[in-house]
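Worksheet: the structure to be examined is printed underneath.
Residue numbers (our numbering): 4 to 246.
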């Protein structure tokens, strides 16, 4: 599926951006502004299937989203960013995209959710209820952080929520939970940036194992999961040397 995209800037280095669950290409706005202000980048942000202006679909498997990404973005970009779900999609698409570098912001590489034994069976027997309970604490923290965003940023998030096909949510969580990122050397040079909330989507033990296999792992203390919205300046500074 060809995805809808937004391209901004005219710099010599072409960067791709892949958003997280329930977001959209437009929600990268504050971070795009920071990139474009340097004069060095042309930035293309995509709307994943079922998000933003892209078409809704019958399947929301992450592998299908990854295939969309390969079909939509040109191969050999300077770099491609993936946030949260976008990080999981990028990881599965990266061999086909072959960017100079992949940058994963709090990527959905594994979830701190039960997948085996009695706990796993009970959790996934009623996933809407279970996921709602599991997300309560993070939802409260997210609401507090969001209150500090500018009105323009909050409007972008509200619009993305209206366009989001929420039918995919349980399936996406299940896909990530049962198919964590394999512990192997990255297909291209890869940098992972982790927030204070990162263990929910990438447990520390897994991050350490990936680092041993050649992934570059960095931490951005004092920020929450949506780091590119909460503090685009610090997020850019955390990876400026590899861009």
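Note that the Cβ used here is the ideal one computed from N, Cα and C, for glycine as well.
Distance CB(residue i)-CB(residue j) smaller than 7 Å
| i | j | result |
| --- | --- | --- |
| residue 64 | residue 43 | no |
| residue 179 | residue 114 | yes |
| residue 39 | residue 12 | yes |
| residue 204 | residue 53 | no |
| residue 108 | residue 230 | yes |
| residue 95 | residue 239 | no |
| residue 14 | residue 58 | no |
| residue 22 | residue 90 | no |
| residue 82 | residue 18 | yes |
| residue 182 | residue 200 | no |
| residue 233 | residue 226 | yes |
| residue 78 | residue 159 | no |
| residue 212 | residue 191 | no |
| residue 188 | residue 145 | no |
| residue 100 | residue 73 | yes |
| residue 20 | residue 84 | yes |
| residue 10 | residue 41 | no |
Option nearest residue i by Cα separation, candidates the options
| i | options | result |
| --- | --- | --- |
| residue 105 | 164, 186, 152, 219 | 219 |
| residue 126 | 154, 84, 177, 89 | 177 |
| residue 130 | 72, 74, 82, 171 | 171 |
| residue 71 | 181, 159, 6 | 6 |
| residue 222 | 215, 216, 232, 202 | 202 |
| residue 56 | 135, 62, 148, 25 | 25 |
| residue 1 | 27, 138, 66 | This structure cannot settle anything about residue 1, because the visible part of the chain is limited to 4 through 246. |
| residue 246 | 134, 93, 31, 102 | 102 |
| residue 98 | 236, 69, 237, 163 | 69 |
| residue 162 | 31, 243, 241, 145 | 31 |
| residue 241 | 212, 194, 159 | 194 |
| residue 87 | 224, 191, 184, 188 | 184 |
| residue 62 | 74, 168, 34 | 168 |
| residue 136 | 149, 152, 116 | 116 |
| residue 33 | 60, 214, 153 | 153 |
| residue 76 | 4, 66, 198, 35 | 4 |
Range covered by the alpha helix (DSSP H) that runs through residue i
| i | result |
| --- | --- |
| residue 94 | 88 to 100 |
| residue 20 | Note, residue 20: premise wrong, no alpha helix (DSSP H); beta strand (DSSP E) at 16 to 21. |
| residue 75 | 65 to 75 |
| residue 128 | 120 to 128 |
| residue 161 | 154 to 166 |
| residue 177 | 172 to 181 |
| residue 240 | 235 to 242 |
Identified DSSP bridge partners for residue i
| i | result |
| --- | --- |
| residue 219 | 194 |
| residue 49 | 8, 21 |
| residue 44 | 16 |
| residue 82 | 18 |
Beta strand (DSSP E) segment containing residue i, residue limits
| i | result |
| --- | --- |
| residue 105 | 105 to 108 |
Query raised in the report: Taking one C-beta from the segment 202 to 218 and one from the segment 118 to 129 each time, how about it: are there three or more such pairs within less than 8 Å?
Result: Contact fails: fewer than three Cβ-Cβ distances are below 8 Å.
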